[in-house]
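Those protein sequence lines, which keep their order, are chains V and Z.
Mind the numbering: the first sequence is residues 12 to 331 in the working numbering, read in order.
Mind the numbering: the second sequence is residues 39 to 336 in the working numbering, read in order.
Don't be surprised by glycine CBs; every beta carbon is placed ideally from N, CA and C.
Since the model is a prediction, treat every value here as computed from it, not as a measurement.
Right, one structure below, let's go through it.
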Amino acid sequence: MEAVTSTQQTIRTRKERIRRFFRKALQNRWLYAMSLPFVVWVFIFSYLPLWGWTMAFQRYRPGRPFWEQEWVGLDHFRTLFQDELFYQVLRNTLVMSLMGLVAGFVVPIFFALMLNEVRQMFYKRFVQTVSYLPHFVSWVVVAGIVTKMLSTDNGAVNDLLMWLGIIDEPIQFMAKGKLFWIIVTLADVWKETGWNAIIYLAAIAGIGPELYEAARVDGANRIQQMWHITLPGIRTTIIILLIMSIGHLISIGFEKQFLLGNNLVREYSQVLDLYALNYGLGMGRFSFGTAINIFNSVVSVILLFTANGIFKRVTKESIM
Amino acid sequence: MRRSSHSTSLTDRLFDVFVYVFVTAVLVITLYPFLNVAAISFNDSIDTVRGGITIYPREFTLKNYEVIFSYEHLGTGFRNSALRTLIGTALGVLSSSMLAYTLSRKDFQGRRFVSVFLALTMYVSGGLIPFFLLIRELDLMNTFAVYILPGIVSAFNVFVIRSFIDGLPYALQESAKIDGANDFTIYWRIILPLTKPALATIALFVAVGQWNSWFDTYLFNSQSDHLTTLQYELMKVLQSTQSNVDYRARNMTEVMSQVSPESVKMAITMVVTLPILFVYPFLQRYFVKGMTLGAVKS
Chain V
12 MEAVTSTQQT IRTRKERIRR FFRKALQNRW LYAMSLPFVV WVFIFSYLPL
62 WGWTMAFQRY RPGRPFWEQE WVGLDHFRTL FQDELFYQVL RNTLVMSLMG
112 LVAGFVVPIF FALMLNEVRQ MFYKRFVQTV SYLPHFVSWV VVAGIVTKML
162 STDNGAVNDL LMWLGIIDEP IQFMAKGKLF WIIVTLADVW KETGWNAIIY
212 LAAIAGIGPE LYEAARVDGA NRIQQMWHIT LPGIRTTIII LLIMSIGHLI
262 SIGFEKQFLL GNNLVREYSQ VLDLYALNYG LGMGRFSFGT AINIFNSVVS
312 VILLFTANGI FKRVTKESIM
Chain Z
39 MRRSSHSTSL TDRLFDVFVY VFVTAVLVIT LYPFLNVAAI SFNDSIDTVR
89 GGITIYPREF TLKNYEVIFS YEHLGTGFRN SALRTLIGTA LGVLSSSMLA
139 YTLSRKDFQG RRFVSVFLAL TMYVSGGLIP FFLLIRELDL MNTFAVYILP
189 GIVSAFNVFV IRSFIDGLPY ALQESAKIDG ANDFTIYWRI ILPLTKPALA
239 TIALFVAVGQ WNSWFDTYLF NSQSDHLTTL QYELMKVLQS TQSNVDYRAR
289 NMTEVMSQVS PESVKMAITM VVTLPILFVY PFLQRYFVKG MTLGAVKS
């Protein structure tokens with residue numbers, strides 16, 4: 012008898028729960044109407060491409076239905092790992108992203124610290140406003156500007172170096188493979204330093220003035236104040252941003268390399284995405300190209316988790 | 039203590055000098071290239087070849103601009119770039135804010151699912167080739183829609199706006215509810231006007247992204263002359279010194295032969311960059327706030 016009532020009760024509560032769910036859904040109808048179309052949207056443009064990953068395990072032929080594709084297992088990955096070019100491209104990607112990571116951190120932090128020490132508010136604001144201007148300009152324009160500045164006929168850099176007497180004849184910067192990594196890194200620094208400094212300046216603004224006063228009472232000069240108060244004050248911001256960029260280490264994009272590179276520096280300029288573009292898409296080898304994309308994604312997710320894990324252990328702070 | 043105070047002020051003064059020298063160097067390095075490009079674009083092209091143009095034109099002329107504006111693809115490109123910026127920004131801001139509002143409502147059943155569904159897209163992406171094939175399957179190749187549709191919902195933008203809405207007092211919505219307003223009305227009449235600062239920031243990000251993008255034209259619309267964009271045209275001109283010149287770039291080379299290629303390049307660079315320089319001062323005060331907001335959130 013008791014057992015029966017308890018089952019009836021569960022049935023009743025379940026029914027009740029379902030009824031409550033639908034009543035709630037009805038109340039939420041506008042919220043559903045305002046969000047579900049976009050969920051479908053995100054599904055199409057962000058999740059369907061993930062389904063495309065199956066291509067990497069097939070000998071994909073366009074125009075055929077999915078079930079008629081030929082499955083080849085890990086063949087494309089095997090080809091990829093046997094390709095000598097792959098290792099060259101991987102080296103370029105890693106070196107350029109590491110250089111970008113280091114420069115992209117050190118320079119904006121240093122710039123923010125320096126800007127913070129400027130006392131005239133007008134000058135400070137003016138420099139800051141100008142400094143993030145390049146961020147809004149496209150890489151096409153930046154590549155054009157960099158090429159112009161480094162060009163052998165009347166490029167500003169060559170002109171300056173000649174005027175200073177450091178060199179006797181113009182250097183062909185854009186044709187030297189060994190310089191390509193440095194040029195890309197510096198172009199990135201030129202474009203993004205001011206923008207990346209915004210966050211640090213905001214964090215610096217949040218440090219309490221009483222800390223500086225206490226330091227001054229203790230006789231600390233401004234360099235010491237910067238070192239012992241400002242820098243520790245933005246430590247958390249630095250760590251969070253660092254972890255985020257490590258996660259994106261390998262997916263550095265290809266715009267700068269595409270636009271600044273040329274056939275003379277190919278050995279140094281080709282990165283993973285360009286490799287996928289040229290040797291996958293460009294040659295119609297969709298499956299092979301997808302395998303490159305997958306490699307890229309998997310490595311970045313691993314990097315993200317590793318970075319987060321290390322920093323969690325070191326600093327007891329986490330972003331995930 | 040007292041002994042060190044003198045030397046401290048000396049270090050401080052030296053430090054000050056260093057700070058100003060460094061900051062001014064950054065200023066010069068940032069500004070000089072822009073001024074140099076502007077000067078060359080307004081300078082007589084034959085005179086430019088002699089070299090030595092710095093930040094002002096030596097022989098002022100508008101010829102370079104006349105020449106590039108006679109090139110018809112530039113007009114088409116300008117129109118398409120402007121259109122995609124306007125439409126893309128309007129739709130992007132509208133959809134992101136709408137989605138952000140639903141996610142800010144604690145009583146929304148689907149809140150958790152939609153948040154996670156959206157957040158995942160920030161970490162994993164299918165990659166270039168699956169995306170390319172998707173666009174082809176959807177028949178979006180050689181259409182204007184390919185500039186707009188894929189970017190309508192951006193997880194990052196949604197979360198930035200949501201964190202802004204979260205900061206608004208909930209009582210405003212409550213009172214509207216009591217007055218019998220539905221959720222869409224609340225969004226339209228109350229949330230939208232109040233989130234203006236956040237929306238301005240997002241609008242700026244989306245607009246700049248739209249205006250600056252060239253790769254989608256290169257990848258999806260390079261066969262359709264009437265769908266070209268300014269950035270893509272500039273890209274072709276800048277790369278035209280290299281061996282892979284297509285027929286339209288050759289057309290451009292003919293145009294270039296009237297004045298020197300360098301002058302043409304600099305003039306087009308100016309045309310592409312100027313719109314950004316114009317809106318920049320107006321939007322500038324918004325994005326610092328928005329940038330910090332987004333960073334705190336993510």
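Out of V:L222, V:E128, V:D199, the CA that lies nearest to the CA of V:I156 is found in V:D199. Counting of Cβ neighbours within 10 angstroms places V:L212 among the buried residues, the total reaching 16 or more. For the region 157-185 of chain V, the set of positions with a beta-carbon nearer than 9 Å to some beta-carbon of chain Z reads V157, T158, K159, M160, S162, D164, N165, A167, D170 in chain order.
Assigned with DSSP and collapsed to three states, Z:N220 falls in coil, not helix or strand. A Cβ of chain V is located within less than 8 Å of the beta carbon of Z:Y70. Assignment of V:R70 by DSSP, reduced to helix, strand and coil, places it in the strand class. With respect to chain V, the C-beta atom of Z:R143 has a partner C-beta closer than 8 Å.
Secondary structure of Z:E97 (DSSP, three-state): coil. Nearest neighbour of V:I193 by Cα position, chosen from V:D164, V:K267, V:A231, turns out to be V:K267. Annotation: the continuous alpha helix (DSSP H) that includes V:E224 extends over 220-228.
If you look at Z:S135, you'll find it in the alpha helix (DSSP H) that goes 110-142. C-alpha of V:F306 to C-alpha of Z:V105: approximately 47 Å in a straight line. At a cut-off of 8 Å between beta-carbon atoms, V:D94 makes no contact with chain Z. When C-beta distances to chain V are compared with 9 Å, the residues of the region 80-104 of chain Z below that value are T86, V87, R88, G89, G90, I91, T92, in chain order. Within chain Z, the residues whose beta carbon sits less than 7 Å from that of V:D284 are L166, listed in sequence order. About 46 Å separates the Cβ atoms of V:M237 and Z:Y225, ruling out a contact at the 8 Å cut-off.
Comparing alpha carbon positions, the residue from V:V151, V:Q139, V:M255, V:A123 closest to Z:T311 is V:V151.
A distance below 8 Å between beta-carbons, with the five flanking residues on each side excluded, links V:F297 to the following residues of its chain, in chain order: M66, Y71, P73, G291. Note that the C-beta distance between Z:F72 and Z:F98 is not below 8 Å. Relative to the Cα of Z:N195, the nearest Cα in the group Z:P231, Z:L232, Z:L141, Z:G164 belongs to Z:L141.
Taking 8 Å as the CB threshold, V:F56 lines the interface with chain Z.
Under the Cβ distance rule, Z:Q211 does not count among the residues neighbouring chain V, no pair being separated by less than 8 Å.
Boundaries of the alpha helix (DSSP H) around V:T140: 132-142.
Under the criterion of beta carbons closer than 8 Å, Z:N118 and V:S149 do not qualify as touching, at roughly 15 Å. In the structure shown, Z:N74 falls within a helical segment according to DSSP collapsed to helix, strand and coil. Interface flag for V:P60 against chain Z is set, since a Cβ pair is found closer than 8 Å. Shown here, V:E128 sits in coil according to DSSP, grouped into three states, outside any helix or strand. DSSP places V:W82 within a strand segment (E or B) once states are collapsed to three.
A direct Cα-Cα distance of roughly 27 Å separates Z:I84 from Z:F116.
Between Z:S134 and Z:I199 the beta-carbon gap is near 6 Å, inside 8 Å, which marks them as a contact. Taking C-beta separations shorter than 8 Å and ignoring five residues to either side along the sequence, the partners of Z:R143 in its chain run R149, D221, following chain order. The beta carbon of Z:Q261 sits closer than 7 Å to those of N180, all from its chain and outside the five residues before and after it, given in chain order.
Selection Z:F107, Z:V64, Z:T49 evaluated against Z:V297 yields Z:F107 as nearest (Cα-Cα).
Think of a sphere of 7 Å around the beta carbon of V:A36: the chain Z residues whose beta carbon falls inside it are Q147, in chain order.
Across the set Z:G165, Z:D263, Z:I167, Z:L187, the C-alpha of Z:L187 shows the shortest separation from the C-alpha of Z:T127. Among the CB atoms of chain Z, none fall inside 8 Å of the CB of V:N319.
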